Amino acid sequence: MTRAEFLAALEEMLELDAGSLSPDAALDSLDSWDSLAVISFIALVDEHFDHVVAGEDLAKAKTVSDLLALTGADLA
């Protein structure tokens, strides 16, 4: 999965318009970033990267870039 594909998957998961999510976007500014989105994000990372995101690491995430880093992959 590329960085663009991951952002597109996040946009779909968060029900945002395609191309509207930037790596610098603050999670607290996204109305759809809620507990369901957190669970969906954990499942997305597990499914596509075979990586388990620790809850304490996810709680520290402030931006979409932080989420990208939590994938455990080098997304180009």
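Counting from 1, one number per residue, gives the positions in the sequence shown under UniProt numbering.
A virtual CB, placed ideally from N, CA and C, is assigned to each residue, including glycine.
The structure displayed is predicted, hence computed values, not measured ones.
- About 6 angstroms separates the Cβ atoms of residue 27 and residue 62, confirming a contact at the 8 angstroms cut-off.
- Inside the stretch 33-68, DSSP marks whole alpha helix (DSSP H) runs of 4 or more residues at positions 35-49 and 55-60, from first to last along the chain.
- Residue nearest to residue 24 within the set 7, 31 and 38 is 7 (criterion: CA-CA distance).
- In this structure, the alpha-carbon of residue 40 lies about 15 angstroms from that of residue 30.
- Inter-residue distance for residue 69 and residue 17 is about 22 angstroms (C-alpha atoms, whole angstroms).
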